[in-house]
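Written out below as structure tokens is the structure these notes cover.
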Amino acid sequence: MPKIIDPTTDKESPAKHVPELVRYLKEPIKNFNTYRLESIAENQKMLKKELTKDVILKIEFICSRSAYHKLTYFLMVQDNNYSKIGQFPSLADMQTNDLKKYSKILSDQYIGELNRSIGLYAHGIGIGAFVYLRRIYENLLEIAHQKAMTKKDWDEESFINKRIDEKIRMLSNFLPSFLLENISIYGILSKGIHELDESECLSYFEYLKLGIELILDEKMAIIEKSNKIKIVKSKIGEIKSGLKK
20 MPKIIDPTTD KESPAKHVPE LVRYLKEPIK NFNTYRLESI AENQKMLKKE
70 LTKDVILKIE FICSRSAYHK LTYFLMVQDN NYSKIGQFPS LADMQTNDLK
120 KYSKILSDQY IGELNRSIGL YAHGIGIGAF VYLRRIYENL LEIAHQKAMT
170 KKDWDEESFI NKRIDEKIRM LSNFLPSFLL ENISIYGILS KGIHELDESE
220 CLSYFEYLKL GIELILDEKM AIIEKSNKIK IVKSKIGEIK SGLKK
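Numbers given in this note's numbering equal positions in the sequence shown, counted from 1, plus 19.
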């Protein structure tokens, strides 16, 4: 019986027939709910027979809103196993627009590095992906550091000589709460770069990327709240002045 193999985890799941394979691929893609199978065989019975041979299978998902929006997976069937060998658009391309929302708090350089980390992960390069995540984390600390340096009671000499966890605590007034509650993120990224192998980094990447995104989301929420407060205070002042006339 063929097996579906996820190359990022090497885990197997049974594939008794084609719909199970399609459902397996479809689960993480919420916006695509129709699909088309293209192969030598046109009907399911013949297709199942073909999947016992060494073939390349193309599975195409079509958006229900627009037939021009497609997501294509390529699977290689070899030695009674399925292996994903490609997709279009790539994982990095699919997330590019989502990352643009962070332009308020990250420069183009670091948005590019976040996108690069996703691209490396998609190509099975876990350690390299960790390098870029850690650079983004360090950039967030440096932004907080620059703000802290403007305070009169800031002790720069003491800060320079601290370990990273101690530096984070010194910057606590300038950092999002999620980062402070999860200081271990930096340690995990560093350990991944220097000690873990590719497969371990790949298995942890999604959770660490999500951690970075939560930090960025919290920073954005703080900025948006501050902007709303400024607008409301200004308008309330105008309304108050108008009512006195």
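C-beta atoms are modelled at their ideal positions from N, C-alpha and C, and glycine is treated no differently.
Host alpha helix (DSSP H) of residue i (start-end)
i      : result
Met95  : Taken as a continuous stretch (DSSP letters only), Met95 belongs to no alpha helix (DSSP H), being part of the beta strand (DSSP E) at Lys89 to Gln97.
Leu270 : Because the chain in this structure spans residues 20 to 264, residue 270 falls outside the shown range and cannot be described.
Ile207 : Ser203 to His213
Lys166 : Gly145 to Ala167
Ile137 : Asp127 to Ala141
Simplified DSSP assignment, three categories, for residue i
i      : result
Ile234 : helix
Ile250 : helix
Asn105 : Correcting the residue type first, residue 105 is Gly in the shown sequence and not Asn. Gly105: strand per DSSP, three-state reduction.
Ser171 : Just to set this straight, residue 171 is Lys in the shown sequence, not Ser. DSSP places Lys171 in coil when its eight states are reduced to three.
Ile258 : helix
Ile187 : helix
Ile179 : helix
Ile242 : helix
Cβ neighbours of residue i in the same chain (closer than 8 angstroms, five flanking residues each side left out)
i      : result
Lys119 : Ile130
Leu106 : Sequence check: residue 106 is Gln here, not Leu. Taken in chain order, the residues that qualify are Leu90, Thr91, Tyr92 and Phe93.
Glu219 : Gly145 and Gly211
Leu125 : Leu133, Ile155, Asn158 and Leu235
Trp173 : Ala167
Lys252 : none
Nearest-angstrom beta carbon gap, residue j and residue i [assumed within contact, 8 angstroms]
i      : j      : result
Phe193 : Lys171 : Rounded, the Cβ-Cβ distance is 15 angstroms, inconsistent with contact.
Ile5   : Met95  : Because the chain in this structure spans residues 20 to 264, residue 5 falls outside the shown range and cannot be described.
Chain-order list of residues whose beta-carbon lies under 6 angstroms from that of residue i (same chain, five-residue window excluded)
i      : result
Ile202 : Asp184 and Ile187
Glu257 : none
Lys263 : none
Gly147 : Leu139
Glu61  : Here Glu61 scores only 44 on pLDDT, less than 50, and its place in the model should not be relied on; the value that follows carries that caveat. The answer is none, since no qualifying residue turns up.
Ser136 : Ala148, Tyr151 and Leu152
Beta-carbon proximity list for residue i, same chain, < 7 angstroms, skipping 5 on both sides
i      : result
Ile234 : Leu159, Pro195, Phe197 and Leu198
Glu175 : Met168
Lys123 : Met239 and Ile242
Tyr156 : Ile204, Tyr205, Leu208 and Ile231
Leu190 : Leu160, Ala163, His164 and Ala167
- Item | Segment contact flag, the region 234 to 243 with the region 206 to 225, C-beta cutoff 8 angstroms, min 3 pairs | Verdict: no, contact absent.
- Below 8 angstroms, can you find three or more Cβ-Cβ pairs linking the region 137 to 152 to the region 218 to 237? Remark: three or more beta-carbon pairs, one from each stretch, lie closer than 8 angstroms, so the region 137 to 152 and the region 218 to 237 are flagged as touching.
- Item | Cβ contact (3+ pairs, closer than 8 angstroms) linking the region 149 to 160 and the region 227 to 234 | Yes, they touch.
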